[in-house]
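The next block holds one structure in the form of structure tokens; read it before the comments.
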Amino acid sequence: MGRLLFALTFFFLLSTLAFAGSWSAQNLESRKDDLYPEILRDEAVARLNELGKVSDAEAYLERTFMSPASVRAGNLIRGWMEDAGLRTWIDQMGNVHGRVDGINASSKAILIGSHLDTVVDAGIFDGSLGVVSAISALKVLNARGKLGNLLRPVEVIAFSDEEGVRFQSTFLGSAAVAGILPASALQFSDKSGVTVQGALKENSIQISEENLHNLKYDRDSVWGYVEVHIEQGPVLEWRGLPLGVVKGIAGQTRMKVTVRGSQGHAGTVPMSMRQDPMSAAAELIVLLESLCKRPEDFLSFDGHCKDSTVQSLSTSLVCTVGEISSWPSASNVIPGQVVFTVDIRAIDDMGREAVIYELSNRMYQICDRRSVSCIIERKHDAGAVMCDDELRRQLKFAADSALKRMSDNQFLDEVPVLMSGAGHDAMAISHLTKVGMIFVRCRGGVSHSPEEHVLDDDVWAAGLSVLAFLETHV
26 MGRLLFALTF
36 FFLLSTLAFA
46 GSWSAQNLES
56 RKDDLYPEIL
66 RDEAVARLNE
76 LGKVSDAEAY
86 LERTFMSPAS
96 VRAGNLIRGW
106 MEDAGLRTWI
116 DQMGNVHGRV
126 DGINASSKAI
136 LIGSHLDTVV
146 DAGIFDGSLG
156 VVSAISALKV
166 LNARGKLGNL
176 LRPVEVIAFS
186 DEEGVRFQST
196 FLGSAAVAGI
206 LPASALQFSD
216 KSGVTVQGAL
226 KENSIQISEE
236 NLHNLKYDRD
246 SVWGYVEVHI
256 EQGPVLEWRG
266 LPLGVVKGIA
276 GQTRMKVTVR
286 GSQGHAGTVP
296 MSMRQDPMSA
306 AAELIVLLES
316 LCKRPEDFLS
326 FDGHCKDSTV
336 QSLSTSLVCT
346 VGEISSWPSA
356 SNVIPGQVVF
366 TVDIRAIDDM
376 GREAVIYELS
386 NRMYQICDRR
396 SVSCIIERKH
406 DAGAVMCDDE
416 LRRQLKFAAD
426 SALKRMSDNQ
436 FLDEVPVLMS
446 GAGHDAMAIS
456 HLTKVGMIFV
466 RCRGGVSHSP
476 EEHVLDDDVW
486 AAGLSVLAFL
496 ETHV
């Protein structure tokens, strides 16, 4: 009798464990189904890869403002917006819009966006991830029959230009929506002499100064702006977390430096008699590097630059020469002219201005000493932007919620709060409304490169975080 009782008890325990294991596995599968991986991960990743093939170059990814590939990408995104149940249009700056009015079309709208243009030899996630994640989240709401239950309108915008590659002026798309793009921007020209206005006209978009003004959104019609973007840095990977929220974005200045000297024969002009703009440009570039590595050695404490400012610069200041060209650019000719770009970024706007002031003065001194002329043009300025505290808390809650739903509490650390050294459309839109950003982990912190990579599950986490944020507005 005792043996029979033991056998029955043992069998009961095995059956219970087997049932529990089966229920747990089924529950996990059910929970994953509730997270819509087929839309937020699988389809989103496929769309990112598809966008990554839409390029003006055969060997690498390149989409610049209103280029043929940019137009094709915009049409592709517009189709995905319509697939998600959104009403779509393309404005007179080439921005692609998709909107759902929700319960009350007259309520202030949530704008969610990023850019569809790329740098030269780009990765497939910069900009595109933010657009695709937003569309995917709204598609989930549509699939659940809740798109019309949104308490306020939601509008996804794929901005036509953020990188500023073609016309050397960033945020053409988002600045127009924010109402801060000057009318003179329509006459900016690319290397082929085509203007912004001309590039739009080539694509059957007519724009005038009055049209440009009409693109500006009414401040009272917008609730806030959210942008999802790859981190473009290594912090999230180092922390072992897929998502972070952004506290603020560094201010940036772009300059064009033109150095002119005396063009001559490489073999006949003595070294002591040369006015070589290339050698001068080299010294100017080394000066830039030295100043930005050790700002405390160059900036004075005369009331214009405080100790706290220099301390801030020591941790956030970055300076880059990304482009350089010479004329006539021949190996046996001393150049007559050298042109290079300067990109300066820092969290502290006053410190950034102090750096530019000191740099400019020292550049002119070097050029005078070398008997060459030097012209320094400021091509772009954007002040540092702090994200809205309340919106940041909402996005942090949404990101935390997304990770916990995905991982069964695998991620014990809270979503970190980060600063952004890269510029984003949120900088322009901050002139219109409050802004908030979510960062997504990218491998090695590599961006602006074909090596740029985001894990499929991190794409999923990005879409799920947008969904979690939108669910608070249903």
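Count along the sequence shown starting at 1, add 25, and that's the number in the working numbering. From the three backbone atoms N, C-alpha and C, an ideal C-beta is built for every residue, glycine too. Remember, it's a predicted structure, so these values are computed and weren't measured experimentally.
{"Query": "Inter-residue spacing [alpha-carbon to alpha-carbon] between Val253 and Gly138", "Result": "7 Å"}
{"Query": "Inter-stretch contact at 8 Å, needing at least 3 Cβ pairs: the region 118–132 / the region 443–463", "Result": "no"}
{"Query": "Buried versus exposed call for Thr497 [16 or more other C-beta atoms within 10 Å across all chains shown]", "Result": "exposed"}
{"Query": "Counted within 10 angstroms of its Cβ, other Cβ atoms place Trp485 as buried (16 or more) or exposed", "Result": "buried"}
{"Query": "Residue burial classification, Met462 (beta-carbon count within 10 angstroms, cutoff 16)", "Result": "buried"}
{"Query": "Local Cβ density within 10 Å of Gln231, reported as buried at 16 or more and exposed below that", "Result": "exposed"}
{"Query": "Backbone CA spacing between Pro259 and Thr293 [nearest angstrom]", "Result": "51 Å"}
{"Query": "Given 8 Å, three or more beta-carbon pairs between the region 424–433 and the region 378–387", "Result": "no"}
{"Query": "At least three beta-carbon pairs within less than 8 Å, the region 193–204 to the region 145–160", "Result": "no"}
{"Query": "Cα-Cα separation between Arg124 and Glu402, rounded to whole angstroms", "Result": "39 Å"}
{"Query": "CA-to-CA distance, Cys344 to Glu321, given in whole angstroms", "Result": "15 Å"}
{"Query": "With 16 other Cβ atoms within 10 Å as the buried cut-off, status of Lys318", "Result": "exposed"}
{"Query": "C-alpha gap between Gly469 and Asp438, whole angstroms", "Result": "20 Å"}
{"Query": "Separation of Thr334 from Ser341, as counted between CA atoms", "Result": "10 Å"}
{"Query": "Cut-off 6 Å between Cβ atoms - residues of its own chain near Leu73, not counting five sequence neighbours on either side", "Result": "Ile149, Ser153, Val157"}
{"Query": "Whether Asp186 touches Leu197 by CB criterion (8 Å)", "Result": "yes"}
{"Query": "Between the CA atoms of Leu166 and Leu60 - distance to the nearest angstrom", "Result": "11 Å"}
{"Query": "Where the beta strand (DSSP E) through Lys281 begins and ends", "Result": "276–285"}
{"Query": "Nearest-angstrom Cα separation, counted from Gly269 out to Ala424", "Result": "7 Å"}
{"Query": "Whole-angstrom distance between Lys164 and Ser49, CA atom to CA atom", "Result": "Confidence is the limiting factor: at Ser49 the pLDDT is only 39, short of 50, which leaves the residue's position unreliable and the question unanswerable from this model."}
{"Query": "Three or more C-beta pairs below 8 Å linking the region 367–375 and the region 414–424", "Result": "no"}
{"Query": "Inter-residue spacing [alpha-carbon to alpha-carbon] between Pro302 and Leu324", "Result": "26 Å"}
{"Query": "Backbone secondary structure at Val364 - three-state DSSP", "Result": "strand"}
{"Query": "Rounded separation between Ser396 and Gly189 - CA only", "Result": "33 Å"}
{"Query": "Per DSSP, cross-strand counterpart(s) of Trp114", "Result": "His122"}
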